[in-house]
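In our numbering, the protein residues as written are 68 to 224.
Glycine residues also receive a C-beta, built at the ideal position from the N, C-alpha and C atoms.
In what follows, a single structure is set out as structure tokens and then discussed.
Below, the structure is given as structure tokens:
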């Protein structure tokens, strides 16, 4: 167990290994570095930690000055921003062609997968949103959730 925030790198690694049509899989820093819609490498995905929300733990007992182990269950949300070509947008047909196929593959790769972290549950898709588009490129963000346990790491001898 750990106090570290949820690590999205294994999600990115899984996408890189299983979605063959992706030319790039990046993290938040890679996403933030792109200045214009036309500068995105297409097709690509970016995995970005969005939120961790923890339930209150039961009050622990101990002496004043002690640090008591109080594990907490949390729900983690992260976004997968998918970038693809969308040539038909000029005719009003959003998310057709490459971007639609790419979303299908990304979702098949992640739905139900259990990350290797304490307390993890199968990933669930919570929502999807069209973030931005022009006449040839679309950015779509799927928001995924799982559970983690926040607790001290086991003592090693």
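Residue environment, residue i, which counts as buried when at least 16 other CB atoms sit within 10 Å
i           : result
residue 150 : buried
residue 110 : buried
residue 92  : buried
residue 183 : exposed
residue 132 : exposed
residue 96  : exposed
residue 20  : Here the chain comprises residues numbered 68 to 224, so residue 20 is not present and cannot be evaluated.
residue 121 : exposed
residue 107 : buried
residue 115 : buried
CB-CB length for residue i against residue j, believed under 8 Å
i           : j           : result
residue 94  : residue 176 : Residue 94 to residue 176, Cβ: 17 Å. No contact.
residue 190 : residue 180 : 5 Å
residue 204 : residue 140 : Actually they are not in contact, since the Cβ atoms of residue 204 and residue 140 sit about 39 Å apart, beyond 8 Å.
Three-state class that DSSP yields for residue i in the structure shown
i           : result
residue 170 : helix
residue 177 : helix
residue 223 : Its pLDDT being 35, under 50, residue 223 is placed unreliably by the model, and the measurement read from it follows with that caveat. Residue state, collapsed to three classes: coil.
**Request:** Only counting runs of 4 or more residues, tell me where the alpha helix (DSSP H) segments fall wholly within the segment 78–141, in order along the chain.
**Result:** 95–100
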